[in-house]
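**Q**
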Amino acid sequence: MRLRIAKKIIMKSIENTMGRPNNQMPICPFLLGSMGIGKSYLVREVAKELNMYVVEINLAQYEPTDIGGMQMPDGDSMKVLKPKWLLSEEEHQSILDQGYKGVVYFFDELPQAPILNQNIFAQICNEYRVGDFVLPLTSFVICAGNRMSDRSGTNQMPMHLKDRLTTIEIEPNLDDFANYMFSKNKDSRVVSWVRFQPEYLHKFDRDANAFPTPRSLERVSDILSWKELDDDTRYHAISCQIGETASASLITHLNIHDKCPDLDEIVKAPETIEVPTDIAIQYATISGLVNKVNNDNMGSIIKFVKRFDGEFVAFFIKDSVAKNRDLLQNKDLRVYLSTDEKIREIVL
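Each residue of the sequence shown is one higher than the one before, starting from 500 at the first, in the numbering used here.
1. The beta strand (DSSP E) spanning Tyr552 covers which residue range?
2. For Gly601, which residues of its own chain have a beta-carbon under 7 Å away from its beta-carbon, when the five flanking residues on both sides are left out?
3. Starting from Asp607, trace the beta strand (DSSP E) in both directions and tell me its first and last residue.
4. Measuring only the C-alpha atoms, how far is Asp704 from Gln592?
5. In three-state DSSP terms, what is Glu589?
6. Compare the beta carbon distance of Asp565 and Lys583 with 8 Å and say whether it is the shorter of the two.
7. Suppose the cutoff is 8 Å on Cβ atoms and the five residues either side in sequence are ignored; what does the same chain contact list for Ile556 look like?
8. Can you look up Thr665 in the DSSP assignment and give me helix, strand or coil?
9. With the cut-off set at 8 Å, would you say Leu673 and Val693 are in Cβ contact?
10. Using a Cβ-Cβ cut-off of 6 Å (strictly less than) and excluding sequence neighbours within five positions of Cys624, which residues of its own chain qualify?
11. Using a Cβ-Cβ cut-off of 8 Å, state whether Tyr561 counts as contacting chain B.
12. Does the beta-carbon distance from Ile504 to Leu549 come in below 8 Å?
13. Could you pull out every residue in the same chain whose Cβ sits closer than 7 Å to the Cβ of Ser539, ignoring the five residues on either side in sequence?
14. Taking the C-alpha atoms as reference points, what is the distance between Ser648 and Met797?
15. Report back the beta-carbon spacing between Pro657 and Leu615 to the nearest angstrom; my notes put them in contact at under 8 Å.
16. Which same chain residues end up closer than 8 Å to Lys581 when comparing Cβ atoms and leaving out the 5 residues on each side of it in sequence?
17. Taking only three categories from DSSP, how would you classify Met680?
18. When you compare the CB positions of Ala821 and Asn678, do they come within less than 8 Å of one another, or not?
19. Does the distance from the CB of Gln740 to the CB of Ser724 come in under 8 Å?
20. Can you give me the Cβ contacts of Phe815 inside the same chain, cut-off strictly under 7 Å, excluding the 5 residues immediately before and after it?
21. Residues in its own chain within less than 6 Å of Pro525 by CB, not counting five upstream and five downstream?
22. At what residues does the beta strand (DSSP E) containing Leu531 begin and finish?
23. Determine whether the beta carbon atoms of Leu531 and Ile667 lie at a separation below 8 Å.
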């Protein structure tokens, strides 16, 4: 499932779980997927959009008493103390008073957690309580973790816990990755490289210390912004993030950018500048134009880009809009989309 679909499910789950009637069971989404594909980021993004406060609990790093509460003597009997991760009524109300609409309790690394922790969480996600401590109605519980096939120290989850979760299996998606990278103003050359060689979006290698994932590719983008870095050091710095084979491929792609047509000349003469025939240079050129385009030159650039095959036109428009949503209102872009139904369906 794509991140954008998972996002819609999570947002609807929050909408229908918070303030629910007593006879309605809560929905607890479980984001299941390989490492580095954006599960944690998705939770934080949804919380930010809905103005929710996030409490993150890494289930794999806590003892069972940290999750379920520690027992202490109380006269002739024993009492269970409130676990530290759970906000007190006063803390919860203080968060609401600050303007937040509620609290998201995000339990990460669920499959990596000890079985005792998973059993305690089964009550939390299903009953919204831990022991005698009840979560307020303005709370929402969500969890995430890696697959057993990723060999990330996961345990077989109890069946009764699986039955209480809404399991959302997430797969990396190139368009989602591009949207994220452009929204964070990351290096567009990384995006154009992955569009050219999509196998490097997520190439899990259980025997390697470094391999490409959306998360490691974001770090590569940051490395490319380092100043005064010689070529050899840059290659090895990137290799530390995504491995030597992927690093060599990316460096080759970066060098291709030097062979692209002059972007200023494209804007001046979009209908006469020669369109590159080498597919790698085509990807690199589109990447450069995504960085170049603005409200004033969109009409000129569209004239050049529409001389490419349709997939490149779609890449250009999708990535440009991801980088600057205001371009959706551009007159020249709207006119073009009104004349090309196929591209319009792909982009919108």
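Where is the CB? At the ideal position from N, CA and C, for every residue including glycine.
**A** A quick look at the data gives this:
1. For the purposes of this step, residue 552 is identified with residue 53 of the sequence shown, where counting begins at 1. Where Tyr552 is concerned, the enclosing beta strand (DSSP E) stretches over 551–557.
2. Position 102 of the sequence shown, counting from 1, holds the residue named residue 601. Answer for Gly601: Met517, Met551, Thr637, Ser638, Phe639, listed in chain order.
3. For the purposes of this step, residue 607 is taken as residue 108 along the sequence shown, with counting starting at 1. From DSSP, the beta strand (DSSP E) with Asp607 extends over 601–607.
4. Position 205 of the sequence shown, counted from the first residue, corresponds to residue 704. Position 93 of the sequence shown, counted from the first residue, corresponds to residue 592. Those two C-alpha atoms are separated by around 46 Å.
5. Residue mapping note: residue 589 aligns to position 90 of the sequence shown, counting from 1. Three-state result, Glu589: helix.
6. The residue labelled residue 565 in the question sits at position 66 within the sequence shown. The residue labelled residue 583 in the question sits at position 84 within the sequence shown. It is a contact, given that the beta carbons lie within the stated cut-off.
7. The count along the sequence shown starts at 1 and reaches residue 556 at position 57. Cβ within range, chain order: Ile566, Trp584, Tyr604, Phe605, Phe606, Asp607.
8. Looking up residue 665 in the sequence shown gives position 166. It is a strand residue.
9. Taking the sequence shown and counting its residues from 1, the one referred to as residue 673 is at position 174. Taking the sequence shown and counting its residues from 1, the one referred to as residue 693 is at position 194. Contact flag set, yes.
10. Counting from one through the sequence shown, the residue named residue 624 turns up at place 125. Contacts found: Cys527, Val640, Arg663.
11. The chain labelled as chain B is not found in the depicted structure, where only one protein chain is given.
12. Within the sequence shown, residue 504 is the residue found at index 5, counting from 1. Within the sequence shown, residue 549 is the residue found at index 50, counting from 1. Result no, Cβ atoms of Ile504 and Leu549 do not sit closer than 8 Å.
13. Taking the first residue of the sequence shown as position 1, residue 539 is located at position 40. Answer for Ser539: Asp607, Ala643, listed in chain order.
14. For this step, residue 648 is matched to residue 149 along the sequence shown. For this step, residue 797 is matched to residue 298 along the sequence shown. Distance between the alpha carbons of Ser648 and Met797 is about 45 Å.
15. Along the sequence shown, one-based indexing puts residue 657 at 158. Along the sequence shown, one-based indexing puts residue 615 at 116. Going by Cβ atoms, the distance from Pro657 to Leu615 rounds to 11 Å, so no, they are not a contact pair.
16. Stepping through the sequence shown from its first residue, residue 581 is reached at position 82. Excluding sequence neighbours, Lys581 sits near Gly568, Ser587, Phe632.
17. Taking the sequence shown and counting its residues from 1, one reaches residue 680 at position 181. Three-state DSSP puts Met680 in a helix.
18. The sequence position of residue 821 within the sequence shown is 322, counting from 1. The sequence position of residue 678 within the sequence shown is 179, counting from 1. Yes, the pair counts as a contact, with Cβ atoms nearer than the cut-off.
19. Indexing the sequence shown from 1 puts residue 740 at position 241. Indexing the sequence shown from 1 puts residue 724 at position 225. No, they are not a contact pair.
20. Walking along the sequence shown from the start, residue 815 turns up at place 316. Ile785, Leu788, Val789, Val804.
21. For this step, residue 525 is matched to residue 26 along the sequence shown. Only Thr516, Tyr627 meet the Cβ criterion.
22. The residue given as residue 531 occupies position 32 in the sequence shown. Element bounds for Leu531: 528–531.
23. Taking the first residue of the sequence shown as position 1, residue 531 is located at position 32. Taking the first residue of the sequence shown as position 1, residue 667 is located at position 168. Against a cut-off of 8 Å, the Cβ pair of Ile667 and Leu531 comes out as a contact.
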